[in-house]
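Numbering (our numbering), first residue to last: 40 to 138.
#1: Do residue 91 and residue 132 have their CB atoms nearer than 8 Å?
#2: Given a cut-off of 8 Å, decide if residue 116 and residue 88 are closer than it, judged by their beta-carbon atoms.
#3: With 16 as the cutoff for other CB atoms within 10 Å, does residue 98 come out buried or exposed?
#4: Tell me which residue opens and which closes the alpha helix (DSSP H) that residue 129 is part of.
#5: Look at the Cβ atom of residue 124, then the Cβ atom of residue 94, and state whether they are nearer than 8 Å.
Okay, here's the thing in structure tokens:
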């Protein structure tokens, strides 16, 4: 009986799974900058539902509201943004969808 699982051939990489490469197998880690809330930086307390240019930055072509992890807003301003977008939709300033 062999200790290898079926279909697994001999290991070709070096010890530790080093794939070689141009950098000698060193792993590069890059530092991702933390996103800051656009509204907190500008110190906006009220998000106006009539400001269509501002609201359309947070709505893709399909008409959905972007989540916090993509838009980079804080939780407080994400809630205010959501309310402003919904008000603008009911006032027919922006469409519900792009059908």
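Every residue, glycine too, gets a C-beta built ideally from N, C-alpha and C.
Walking through what the data contain:
#1: Taking C-beta atoms as the reference points, residue 91 and residue 132 count as a pair closer than 8 Å.
#2: Result no, Cβ atoms of residue 88 and residue 116 do not sit closer than 8 Å.
#3: Counting Cβ neighbours within 10 Å, residue 98 comes out buried, since at least 16 surround it.
#4: Counting along the chain, the alpha helix (DSSP H) containing residue 129 begins and ends at 114-129.
#5: Going by C-beta atoms, residue 124 is nearer than 8 Å to residue 94.
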